[in-house]
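There are 2 protein chains.
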Amino acid sequence: MKIVSKTILFFCAALLTSQAWAFEALPKQAPAPKDNPITKAKIELGKQLFFDPRLSKDGTVSCNSCHNVMASGTDNRPVSVGVDAQKGGRSAPTVWNAAFLSTQFWDGRAASLEDQAKGPILNPIEMGMPSADEVVARIKGIPGYVKQFKKVFGGKDPVTYDNLAKAIATFERTLITPDSKFDRYMRGDKKALSKKAKAGMKLVKDIGCTSCHTGPNFSGPKNLKVGEGFFQKFPTFSGSNYDKKYNLMADLGLYSVTNKDSDKNMWRVPTWRNVAVTAPYFHNGSVQSLDEAVKVMAKTQLNKDLTEQQVGEIVAFLNSLTGKFPKITMPRLPDTPNTSLVN
Amino acid sequence: MKIVSKTILFFCAALLTSQAWAFEALPKQAPAPKDNPITKAKIELGKQLFFDPRLSKDGTVSCNSCHNVMASGTDNRPVSVGVDAQKGGRSAPTVWNAAFLSTQFWDGRAASLEDQAKGPILNPIEMGMPSADEVVARIKGIPGYVKQFKKVFGGKDPVTYDNLAKAIATFERTLITPDSKFDRYMRGDKKALSKKAKAGMKLVKDIGCTSCHTGPNFSGPKNLKVGEGFFQKFPTFSGSNYDKKYNLMADLGLYSVTNKDSDKNMWRVPTWRNVAVTAPYFHNGSVQSLDEAVKVMAKTQLNKDLTEQQVGEIVAFLNSLTGKFPKITMPRLPDTPNTSLVN
């Protein structure tokens, strides 16, 4: 994994925003790595695994528990609850459009969706499985999974932790929302955005938000390679009342991965897609309303105090980024006849 | 609610089985009470509520957590896990075809699906909401629900606990599996059942299993009214090794509702539908395999020791009762912009 701290980009913000930066619609398909092509059978297998609580120690937590696909792709709470009612330290990011992020997790410690999928299953306060081997053993105890792993991956020993992650990542690549009002506007429907949203669209560019929240996913330049992180210091302008009010500096972000002083309070730039429905906000879920989140970001990242009108316009624009969530058929989780598997 | 202990039926078993008792296919539609007609919008609302963990105290447990519609309609574990990682005392019965039961819960204490739906939400070890009023308040905090309750139920104050239960029950009435091999056989496809399954079908009638496991849902006579329970003592023939081995008598069943001595160890007769995929078995989930469950039932209820061949035949028949699970589109849970609702 290659973590590139692009702090330098922030200092080029003035330059960037003066250029003819173009907003971009979300592609209608997410990219997939060459060694994990998308197939229908793999999507179906990944969907089952994503919704299967048997991937957790005590059979109570699935990927979907915290990244709720039936909702905004998150659990809409400050921090998530894992096995044994344990609370995590960071707010669950949405799984919707995660396929367009160049690194995963708030601190970007996973390069790909595949890498990410392997984390929470083994995290003691999330899904709590003791080891990858135990996960594989459990999957091997479910005949319907063994059959599908064989079909999807082939080979002598297809039920592996890597393949499990590949299947989940493949399902996640279908979780995209390319038909927001903003996207329809970008594709030519000039009535798709309200006047207020258009004013907000101009504003986020003029004041510099889009120097970080750029690209089709508003989470960084579109040509970043997988694993090439796009980070920003938060707060960049420390010292405002918000630091203490929302406890913004306690979690050191990327530093907790690299132990480099320059990475203190560095965070992967999160997407704006569906941001209006993914409250509460920030890595610690400390801010409930989008209005307040916009004010905090303007102050801490751009050292700007916005007027209520400006906030309203930006929020109107952000609301235009809420996508149409595709209809998804529920998976059928494979049966375990004659055993309860989890006790 | 009217609980009628039909112990007498057991003692008439010999008589019943000598009659020309006919097996019956499952109806293709579940019955609905007059005051809660099935509508498309109500099914959709009920589906959302069924899958919404925000109906639990801490936002971690939904109806689906224990009655997993993506699986066998249960959580396939001895006892379920509720909020704060608390374990319940009884095994979650399947929600599939619960619409054909005349009473709900293992002890039949709820007359209808509507009554049942109100229980777990307020049960401190299940979903743990402190009161019906708090549930209603939480629903009222989700604009998308308020809108749907208005549309579905109308009136001045449509968001009520009763209406919530009505919506959930309506969704549950769609959770039926009328196309098992057995049903196809009963509808004329004589090849749908294997020779072994047919032998099992004859056997369950000849030895008396069907004196209780009767009717289209194999859970009692088909003409029972809503709330008219169909109970049986388990074990009826106490004293076998199984009593202790599987701790069959510790939970007093219906007695815990009525406090009548005659109701000690009385249980509602559970369905056979999908029984092959709902391990583990019995009210306490103490038995893992269907073979063993069949042996235990023959011994404790009919005082019969079955041969391995007989067990195999009965299990083959029971396997023919696994239905085709209909495809269901995932609900979209209504958003809560600007608030996390559950912390």
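Protein sequences appear in the order of chains W and R. Whatever position you read off the first sequence (first residue = 1), add 1158 for this note's numbering. Whatever position you read off the second sequence (first residue = 1), add 1158 for this note's numbering. A virtual CB, placed ideally from N, CA and C, is assigned to each residue, including glycine. Just so you know, these numbers come straight off a predicted model, no measurement behind them.
For this session: For R/Q1467, count neighbouring Cβ atoms within 10 angstroms of its own Cβ and tell me buried if that reaches 16, exposed if not.
Result: Result: exposed.
Checklist line | W/T1497 versus W/D1216 - alpha carbon distance | finding: Their backbone Cα atoms lie some 15 Å apart in a straight line.
Rounded distance between the beta-carbons of R/L1333 and R/G1411, thought under 8 Å:
Between R/G1411 and R/L1333, the beta carbon gap of about 25 Å keeps them out of contact (Cβ cut-off 8 Å).
- Applying the criterion that 16 or more other CB atoms from any shown protein chain within 10 Å of the CB defines a buried residue, is R/T1252 buried or exposed? Classification of R/T1252: buried, given that the 10 Å Cβ count is 16 or more.
Practice problem: Could you tell me the distance, in whole angstroms, from the CA atom of W/P1316 to the CA atom of R/M1228? | Solution: Using only the alpha carbons, I get a separation of about 24 Å.
Boundaries (first-last residue) of the beta strand (DSSP E) holding W/R1426: For W/R1426, the uninterrupted beta strand (DSSP E) run begins and ends at 1424 to 1426, by DSSP.
Would you grab the beta carbon distance between R/Y1404 and R/V1445 for me? Rounded to a whole angstrom, and I think it's under 8 Å.
-> Yes, R/Y1404 and R/V1445 are in contact; Cβ-Cβ is about 6 Å, under 8 Å.
Practice prompt. Step through the CB atoms of chain W and report whether any lies within less than 8 Å of the CB of R/I1283.
Written response: By the rule that beta-carbons nearer than 8 Å mark a contact, R/I1283 does not touch chain W.
One or two residues paired with W/V1445 in a DSSP bridge: DSSP, once it has assigned bridges, lists W/Y1439 as partnering W/V1445.
Mind checking if W/R1248 is an interface residue toward chain R, Cβ cutoff 8 Å exclusive?
It does not; no Cβ of chain R falls within 8 Å.
Suppose only complete runs of 3+ residues qualify. What are the beta strand (DSSP E) ranges in the stretch 1368 to 1432 of chain R, listed by chain order?
Listed in chain order, they are 1389 to 1391, 1424 to 1426.
**Prompt:** Is it true that the CB of R/T1458 sits closer than 8 Å to the CB of R/Y1400?
**Reply:** The answer is yes: Cβ separation under 8 Å.
Quiz item: Any residues in the stretch 1205 to 1233 of chain W with a beta carbon nearer than 9 Å to a beta carbon of chain R? Which ones, in chain order?
Solution: Against chain R - using a Cβ distance shorter than 9 Å - the residues of the stretch 1205 to 1233 of chain W are Q1206, F1209, D1210, P1211, R1212, D1216, G1217, T1218, V1219, S1223, N1226, V1227, M1228, A1229, S1230, D1233.
field: Interface positions of the stretch 1340 to 1355 of chain R facing chain W (Cβ-Cβ less than 8 Å), listed along the chain
entry: Flagged: no residues at all.
inquiry  = Tell me which residues of the stretch 1445 to 1463 of chain R have at least one Cβ-Cβ distance to chain W shorter than 7 Å, keeping chain order.
reply    = Under the 7 Å Cβ criterion, the stretch 1445 to 1463 of chain R contributes Q1446, S1447, L1448.
Item checked: For W/V1452, the three-state DSSP class (helix, strand or coil) -> Helix, per DSSP.
Across the stretch 1277 to 1290 of chain W and the stretch 1353 to 1369 of chain W, are there enough close Cβ pairs to call them in contact, namely three or more that are closer than 8 Å?
No contact exists between the stretch 1277 to 1290 of chain W and the stretch 1353 to 1369 of chain W.
- Message: Run through chain W and tell me which residues come within less than 9 Å of R/V1435, C-beta to C-beta.
- Response: Annotation: Cβ neighbours of R/V1435 in chain W (cutoff 9 Å, chain order): D1493, T1494, P1495.
- request: Please confirm if the stretch 1416 to 1436 of chain R is in contact with the stretch 1385 to 1398 of chain R, defined as three or more CB-CB distances below 8 Å between the two stretches.
  value: Output reads yes: the stretch 1385 to 1398 of chain R touches the stretch 1416 to 1436 of chain R.
For the alpha helix (DSSP H) that contains W/L1476, what are its first and last residues?
For W/L1476, the uninterrupted alpha helix (DSSP H) run begins and ends at 1466 to 1477, by DSSP.
Worksheet item: According to the neighbour-count rule (16 or more other Cβ atoms, all chains shown, within 10 Å of its Cβ), is R/A1180 buried or exposed?
Response: The residue in question, R/A1180, is exposed, as its Cβ has fewer than 16 Cβ neighbours within 10 Å.
Exercise. Which first and last residues belong to the alpha helix (DSSP H) in which W/R1342 is found?
Worked result: Segment 1339 to 1344, the alpha helix (DSSP H) holding W/R1342.
* Separation of R/G1470 from R/A1451, as counted between CA atoms -> One C-alpha to the other measures close to 12 Å.
Hey, quick one: how far does the alpha helix (DSSP H) through R/A1325 stretch, first residue to last?
It spans 1319 to 1330 - the alpha helix (DSSP H) in which R/A1325 sits, taken as one unbroken run.
Backbone secondary structure at R/V1294 - three-state DSSP:
In the structure shown, R/V1294 falls within a helical segment according to DSSP collapsed to helix, strand and coil.
Host alpha helix (DSSP H) of R/N1222 (start-end): Segment 1221 to 1224, the alpha helix (DSSP H) holding R/N1222.
- Look at the alpha carbon of R/K1354 and the alpha carbon of R/I1201, and state the distance between them as a whole number of angstroms. Those two C-alpha atoms are separated by around 39 Å.
>> I want to verify the contact list: residues of chain R whose CB lies under 9 Å from the CB of W/V1469, in sequence order.
In response: Contact annotation for W/V1469 against chain R: no contact, minimum CB-CB distance about 13 Å [criterion: below 9 Å].
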